[in-house]
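Residue numbers (the working numbering): 359 to 1131.
Written out as structure tokens, the structure is:
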């Protein structure tokens, strides 16, 4: 309740919610109808006034024109459906349920701001002429021909889509792809934008029932960007068919192809021969150019050292050509109301954190580009099919921890399709002789041949290592006996070296250490066996993996891949090499895509100490535990022989529900098993559009080592929903307080053991009111 009240006070202090009477928006066109709660479905003959809550629809041969204020127009393509979420004197929010729309704003535009929501993405125009498309495969695309468009993904990431370029959000991979528009796409969209308009324009605030005469507007289909799935264009539409960018060959599914410039042909429409501003922007796409920075201001309640602090942050997103830089300035307020110097200490021990905390990320390009570089926060990093590195993130405790990670990708180069993907989780760990590093090298060896299927065979090799699993122990705080900092009984060696006075319990003179790891004084007296503190322990662990896959079917609405993968534990330390050996494979594997549903299943076999997906989402919490006994994740692996099945499912159920989950069940002799489950359930756009102000609502659950986690006090084995250190669950809720200001409540709950071997909460809660402008 305290957190709830705190969030409400934060929100009230930053923004005032706009309260205004709903205002009608004018709809005209042919083949249009709208649905209202009071009148049901009504066909449009000339025009009609529509308000918040109304649904608009065009049939397979129709089109529509929506007027918002005196400067904003929406053109609706055939077979398009939208919902008016908000219709106010200062803002209009439109939800695109299906189909394609084109937004135009004349300059100078009026005070009514327009936001378009589709597939969980939010589009904010900035003096823009742009087309937005929501495909039946639930991919959202935007193509900008004038001005720019700000895109916010469902994960809260912001992108600026410049003139002459497109961007698309793939819900399956939760990634945003960007690239230049082709000349034909620009010409087609320009012709659509300059289509004949209704002769009379009615203002948005006109009273209901004012007639508006209209001439049906020509609507050109908005086509699919690179890598997207194309919907079938109705036969009745005579508009030219084109794509945002030049099509790719099947061997290059993830690369943005170059767009060759071609002169206008005599039989092309006049608009295609003109050097419009969008075409000029496309021709200059490879030249450095700047976009206007965007700004964020937020106040949030975040978890810091297991307590709730207040964070005040101001951020600037600076796009420059293919570069993007997000600079953060933040202040923390402790629970007792004092300003903290967290992130502002620049002495020799803290200057790196002081610098890195000012940068959320620096990037060049995007993940599917031939060259992609990102420094800062990393999320959802998978290599190959995820047998070694699976949805890894270094933002598990953001913003308490801002870790300087690094990704460098070289994608699909040379005729062999060479690909190199590298990742460093936290560069600052190198100074502590640690670091999490991973790399995957892949190629398509027969790509240049005409051999059916085999010319699509991709083979990859992965190496991932934690150079020192005990790196977090360097920050452990000791509240107990300084002679035995880790509390395991034997005296620590660094204490023994300092213990030379008679006041200490152990008298040492010129102490030495023997091969038996014992302390001897100058007289040869043997004292207690010791070990080094875990703060000084270095324990490396690595996994080597290989993978191979062939796309058997690659079509608009269906895809089928056959794949296999394998991995082996690798430990070059003599003291743990023998007990850490193990290997496993996942093969055969089948990945199937049918429309908005993607599913995969594979047989898995494990021998010895090995775990598939070892470097996963929660690795930063799992790599080493302090209580009840200091243990690395590696040392918790059982030497077992297991067989079983692994499956995953991602689906968007008619934009009502979204589902993403996986399940593994491996069994072996003597009741040994590896049982894990995870799931994320979200409310779809159709439902959200009916809930005022709610923009995001999702929950998730994840647990590994099910039925094999043993309570150190009782010795009991856990059940599915019993709390363990490998169980996590949470939810994310986004509520729009006013246009441009959103309250985001993000809570993750987990558990860990304390020094008394008691399971306690290990939660991370963030309540943020963010304003973008």
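Every residue, glycine too, gets a C-beta built ideally from N, C-alpha and C. These numbers were taken from a predicted model, which means no experiment stands behind them.
- In the DSSP assignment, residue 696 falls outside any alpha helix (DSSP H), carrying neither H nor E.
- Per DSSP, residue 977 is one residue of the alpha helix (DSSP H) stretching across 977-980.
- Sequence-distant Cβ neighbours of residue 1123 in its own chain, meaning closer than 6 Å and more than five residues away, are 661 and 1105.
- Excluding the 5 residues flanking it on each side, residue 426 has same chain C-beta neighbours closer than 8 Å at 383, 432, 450, 470, 472 and 562, in chain order.
- Going by C-alpha positions, residue 522 is about 32 Å away from residue 909.
- The Cβ atoms of residue 1102 and residue 1111 lie no closer than 9 Å to each other.
- About 13 Å separates the CB atoms of residue 897 and residue 832; that is not less than 8 Å, and the two are not in contact.
- Secondary structure of residue 666 (DSSP, three-state): strand.
- Along the segment 1007-1092, the beta strand (DSSP E) occurs as fully enclosed runs of 3 or more residues at 1015-1026, 1031-1041 and 1052-1061, listed in sequence order.
- About 4 Å separates the beta carbons of residue 1034 and residue 1062, which is inside the 8 Å limit, making them a contact pair.
- Residue pairing from DSSP leaves residue 496 without any beta-bridge partner.
- In the three-state DSSP reduction, residue 896 falls in the coil class, being neither helix nor strand.
- Counting along the chain, no alpha helix (DSSP H) covers residue 992, and no H or E run does either.
- Rounded to the nearest whole angstrom, the C-alpha separation of residue 541 and residue 911 is 30 Å.
- Relative to residue 1011, the option among 672, 543, 994 and 1042 whose CA is nearest is 1042.
- Within the segment 767-820, the complete beta strand (DSSP E) segments at least 3 residues long are 776-782 and 794-801, listed from N- to C-terminus.
- Under the 8 Å Cβ criterion, the segment 752-759 counts as touching the segment 724-740, having at least three qualifying pairs.
- For residue 385, same chain residues with a beta-carbon under 7 Å away, outside a window of 5 residues either side, are 392, 402, 405, 406, 408, 414, 422 and 424 in chain order.
- Beta-bridge partners assigned by DSSP to residue 677: 682.
- Just measuring C-alpha positions, the residue of 953, 776, 739 and 501 sitting nearest residue 972 is 739.
- Of the candidates 719, 986 and 664, the residue whose Cα lies closest to the Cα of residue 1070 is 986.
- Per DSSP, residue 960 is one residue of the beta strand (DSSP E) stretching across 955-966.
- For residue 716, the number of other beta carbons within 10 angstroms of its own is below 16, and it is reported as exposed.
- Taking the Cα positions, residue 823 is about 47 Å away from residue 452.
- In this structure, residue 944 places its C-beta atom within 9 Å of the C-beta atom of residue 960.
- Distance from residue 899 to residue 919 at the Cβ level is roughly 30 Å; contact not present, criterion being Cβ atoms closer than 8 Å.
- Judged by beta-carbon spacing, residue 457 lies within the 9 Å limit of residue 416, meaning their Cβ atoms are closer than that value.
- Within the same chain, and ignoring the five residues on either side of residue 492 in sequence, the residues whose Cβ sits closer than 6 Å to its Cβ are 454, 456, 476, 477 and 498.
- Here the segment 774-785 makes no contact with the segment 997-1005; the two share fewer than three CB pairs at distances below 8 Å.
- Ranked by Cα distance from residue 958, the first of 1021, 965 and 441 is 1021.
- Residue range 729-734 is occupied by the beta strand (DSSP E) that includes residue 730, with no alpha helix (DSSP H) assigned at that position.
- Inter-segment contact for the segment 755-762 and the segment 797-817 is absent: fewer than three beta-carbon pairs are separated by less than 8 Å.
- It is roughly 7 Å from the alpha-carbon of residue 510 to the alpha-carbon of residue 481.
- Contact annotation: residue 1052 and residue 1092 have beta-carbon atoms nearer than 9 Å.
- Taking the CA atoms as reference points, residue 828 sits about 17 Å from residue 782.
- Residue 544 carries a helical assignment under DSSP once its states are collapsed to helix, strand and coil.
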